[in-house]
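To start, the structure under review is shown below, and the notes come after it.
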């Protein structure tokens, strides 16, 4: 089959590789019908994720059709249309049992990680993919849900919801600020209403993105290039700050912004992937009764979000801005890598 | 009456001042039977808390007897023996109503603070004190609870429990590490069992204090002067780190220690009062599914803790190491200020 | 002034009574601008609530303007436009402090009740009313909220939300059934979306009411006069039953219906006022991992709901179906008492 | 091998049966080292559980040693000493994923049940047992935990904790009443301290059992044969009733007792297995803000409880009152069936 193979920093190719095979009885083989590219894939290509070996097929998002199942797979069948979750869950370790498969332990019980596709094993930017622990890692797609909507449930939508909205403990009536109007920030905005947020304030430096944010659930928009941005945000509350501030960029400045605008008793939910430390102003914050949360998505809410997508309550397909075929994978990467210019949110790459 | 008056940095005196009077109908006047000194009082005396004006009577902890009540006070009576809570609660603002009187709003609804004794109004290191919102700020003491046990409920015991144990979301079976075996750290150790902690690990640089910690509820002790301390702590867990790490010192190094030993999915509860920022290693922590919490005590758990003290389930009196009379206030301060040498935990100053 | 006075079962009059006066320093006097009638008032008039003495002014819902305040009232002023909450909260007893003022204790600490207007003290169906614990029992109305919307926040909207939706632990994606499409049931339907309900199924015997329910937030409607109703409801789920069943009628049959359609792990939230026992089928339910909840509203969510009403997110005014002046009180009662015929939901009675 | 086989109501035999074999790749075969008898087994023998077919091997509790594993079992090995949990969990269905394997769905997604041993498949009162979904249904036993302690973790201890204490939402300082001092009630008493109960009141008709209860964690005991029992219980609270009432008998009268003594805002946690309906006094309870919970154990807390047993914090072995060998199974049943006379709590039956 063909797949997108990582050949070291700056180096990738869409090339012939052997077809995947069932290895464990809990495996399934899935023919990829649609996949997409994540910011993390770009990081890997820069060489930022040393755990990714040369020769690895990239990609951790995808929807497809099961072509083969192992002997222990009883709840899925060949022909099932499925979402490949970015998190693989053994279903048996202490983390999986407490609904935190992001930290799925390896068989020796040492620190593990649920994100293995396109990282520790071959991924989804390929014609076929082997899925370990298939019953726990695949979600059957109900009729009426398009591939381009379903593929947003591999990672982006549960990440915004679980790590932004749910970790942020959003509750009815809350004012929620989301800093960063990229795909993950927009996912948080789209799902903040599920806990009754009264206002969802998009904060970004780009007015275009702020305009777009309003179509993803933001009720207000603030450009933090303006020096008055803090006052503008505070004026959208009772003057005391936001209940929840969601960081969806991944740099020290935006994290800092979150701790500035959160009210006493509020929460800062970090979703951004950070590459360096931030200075936490504990001299001001020790007294403030705030919680700061971090996390990698566990995708335990995917079935619930999928139900809402099927009911047309969450317009997941709205993230798709560009379309390619699998053999246009290199162009797809090029378009996504130049997102500032191409205005790409998510590129959808289909059979 | 006599009181301990702040006269600017480094300057205090036990001197004559006018007796307090009822100002608002919700006030009470309490004759102080026992008070104590908090680390915060020492900070004020260094000039670290500029909001404290010269001429202010210090102290925010005390037990006493009501000598006068305002017209709106129906649930308390002259002669009642009461704990003066370090937090004053109006009972009506949005923070008081959500059980967070630490952030009690002022009458204009602007950011306020529930800690006002010995800070914004005259405090408890005096023969008498005026207590605003008396029904919400005083707790009647049941028979059989000594003054020296009760005075630990003004601040220290609820602080360790609410900001350490409860914010830390300790749950049955958890391994809890408490960094810092001073009075607040010991309070967290004493109350960690209320949520079923399986191990309570005291971490400190002083072997004497670690020995003492075992009599306050610690099941294990680790001296972090040893380079192996991290491994020692981890060996007391399943190898993945502690469920909850409680910071009870207030310096960057100990905060950092907490983020190093907490397991994925765990909580760092900051109790220490910090004077400078800390470097938060988000490059490692963004993925770790942790919560970091901060806070000032709200004392909403004081009635519950008082019940357990009355049942002899929490030996609160154990914090008392030195005793003075009110007119020995200056000596009491001297003893408490030299705690490293005098081994003082809490000094009790009585009529 | 004029007021609606209860003169024993079946007997009421709109008549002259003395004006209310400030009694305690925490009181306020409110001039009623709008009031309404509750099903409970009809029960009282039947003699079903023996605690209501002859001579009592009825009514526990109202909005108005403060005309006088006691000495201890600092956060409200004469001229403020306020909602009179049906629950009066002392703000100091253990129940008020745990956000359960429905069970506000009396000064001796014995079992009390937060519902006192038109029950234990004179109520709101009058030109003026005395409001005890004014700071805790009145809510200032923001500009732009009409009297007829605000009066729904005295009781009906918080009752549906707190006792139906919140006690029911509705969570994102849930299927919620509400049995009974009267005012309280409709309140639950209107607010179920605040926790992300995916479907809200109205169940009633009257097709007219079911049609109306759809304009109050119901996504589906089932007439339980049809023998197939259980199957119809179950078909709206994954076949296992609803996540939350809200009882909003108050008779054994509808309670029983709730326990029949709730899925394993789900919740039955009882809102209805019951006059007799129900048979609970524990032989089937002991194994089912359900929670059954009951309760009287505490109105702690009124400020949050009021915010959403002010933002036009909750169309509270939609409950108002008939309008009267205060001196048409007797006609208002007549219209409301014949609701089946007049199609009255809530009658609004204004100055 | 030998096993205890059900031959219809009133009819059982310890007889030769074929050895179990691996059927699915997720199975394990366990050699039973110790088993015990549950009240449910007696119900089955009376014919009360029609789902149990003639020829079925009974028993759902046991500890043993793995002798064989299926191809998909990677986290367990032959020779491992394990607890056989009474609940079998597929680890993949929606109920298992939400930590409620008591309601584990079958492969078609229809209502299922996690309790299958000695019910829908052959059980543990045998020399060997086949365990489906072995990784999710077996727990490795740490060194130092005896068989007789470990076997209490198959069912009894997690049942008392999960369905009594945890469903009851016990919190620090609570007064907890447990009605019924049999094995399950004693389990609730033993574990109530894990959430900081201040008092644990055992209520029973038998003074012997009440005496015993004090050695299992009860702080107080009340014999409800005395007409004053309600007043005695209330006097152990602040006069308003208990925070949590746990029903551990399974008859209408004891359920009713729970609703009588629970305070407003409290919880009634039903653990007893009921054979008939109870009359729920909703005319009194609708206003009382209580929750009533039911449930079958999910055993998700077994690893945590096992840790506490290994630390000698929970003396699980204390339930064992009588010992037998496997080939004395019939005598063991006889002793357990006459518990009132033999004073048996749990009989332990070993190889």
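Protein chains in written order, with my numbering: chain P, 3 to 353; chain G, 3 to 353; chain X, 3 to 353; chain L, 3 to 353.
Even for Gly, the Cβ is constructed at its ideal location relative to N, Cα and C.
Everything numeric in this text was worked out from a predicted model, so none of it was measured.
- Three or more beta-carbon pairs separated by less than 8 Å are not found between the segment 329-341 of chain P and the segment 85-104 of chain G, which leaves the two stretches without contact.
- Residue 201 (chain L) is classed as buried because its beta carbon has at least 16 other beta carbons within 10 Å across all chains shown.
- Take residue 267 (chain X), set aside five residues on each side of it, and the residues of its chain with a beta-carbon closer than 6 Å to its own are 291, in chain order.
- Look at the beta carbons and you see the segment 138-151 of chain P not touching the segment 169-183 of chain P: under three pairs across the two are nearer than 8 Å.
- Within the same chain, and ignoring the five residues on either side of residue 36 (chain P) in sequence, the residues whose Cβ sits closer than 8 Å to its Cβ are 64, 65, 66, 149, 150, 152, 153, 350, 351, 352 and 353.
- Approximately 11 Å separates the beta-carbon atoms of residue 244 (chain G) and residue 194 (chain G); this is outside 8 Å, ruling out the contact.
- Under the criterion of beta carbons closer than 8 Å, residue 224 (chain G) and residue 258 (chain G) do not qualify as touching, at roughly 16 Å.
- The C-alpha of residue 142 (chain G) lies about 4 Å from the C-alpha of residue 84 (chain G).
- Below 8 Å, enough C-beta pairs join the segment 272-289 of chain P and the segment 270-286 of chain G to call them touching: three or more.
- Per DSSP, the continuous beta strand (DSSP E) segment holding residue 266 (chain X) begins and ends at 264-272.
- As computed with DSSP, residue 141 (chain G) is found in a beta bridge with G:85.
- In the DSSP assignment, residue 35 (chain P) falls within the beta strand (DSSP E) that extends over 30-38.
- Per DSSP, residue 187 (chain P) is not a residue of any beta strand (DSSP E); the alpha helix (DSSP H) it occupies stretches across 185-193.
- DSSP places residue 211 (chain X) in the uninterrupted alpha helix (DSSP H) bounded by 209-215.
- From the beta-carbon of residue 306 (chain P), the residues of chain X found nearer than 7 Å are 174 and 175.
- Neighbours of residue 27 (chain X) across chain G, judged by C-beta separation under 7 Å: 27, 73 and 74.
- Within the model, the alpha-carbon separation for residue 190 (chain X) versus residue 340 (chain P) is close to 48 Å.
- Taking 3 residues as the shortest admissible run, the segment 240-320 of chain L contains the following complete beta strand (DSSP E) segments, listed from N- to C-terminal end: 244-249, 264-272, 280-282 and 293-295.
- Between the alpha carbons of residue 57 (chain P) and residue 42 (chain P) lies a gap of roughly 17 Å.
- Restricted to the segment 319-348 of chain P, the alpha helix (DSSP H) segments that are unbroken, complete and at least 4 residues in length are 331-339 and 341-344, listed in chain order.
- Secondary structure of residue 163 (chain G) (DSSP, three-state): helix.
- Between residue 289 (chain L) and residue 44 (chain X), the gap from beta carbon to beta carbon reaches 7 Å or more.
- Beta-bridge partners of residue 17 (chain P) (DSSP): P:5.
- In the DSSP assignment, residue 42 (chain P) falls outside any beta strand (DSSP E) and within the unbroken alpha helix (DSSP H) covering 41-48.
- Residue 187 (chain G) has its alpha-carbon roughly 13 Å from the corresponding atom of residue 246 (chain G).
- Under the Cβ criterion of 7 Å, residue 116 (chain L) is not counted among the residues facing chain P.
- Within the model, the alpha-carbon separation for residue 19 (chain G) versus residue 214 (chain G) is close to 39 Å.
- In the DSSP assignment, the residues bridged to residue 222 (chain P) are P:203.
- Only those residues of the segment 82-96 of chain P whose C-beta falls short of 7 Å from the nearest C-beta of chain L are listed: 93, 94 and 96.
- In the DSSP assignment, residue 132 (chain G) falls within the beta strand (DSSP E) that extends over 130-133.
- A residue is called buried once 16 or more other Cβ atoms fall within 10 Å of its Cβ, and residue 25 (chain P), having fewer, is exposed.
- Within 7 Å of the CB of residue 313 (chain X), the CB atoms of chain P belong to 200, in sequence order along the chain.
- When the five nearest sequence neighbours on each side are left out, the beta carbons in the same chain lying within less than 6 Å of the beta carbon of residue 134 (chain P) are those of 29 and 90, in order along the chain.
- Note that the segment 120-129 of chain G does not touch the segment 306-315 of chain P; fewer than 3 beta-carbon pairs, one per stretch, sit closer than 8 Å.
- Proximity of chain L to residue 102 (chain G) at the Cβ level (cut-off 7 Å) is not reached, the minimal Cβ distance being about 18 Å.
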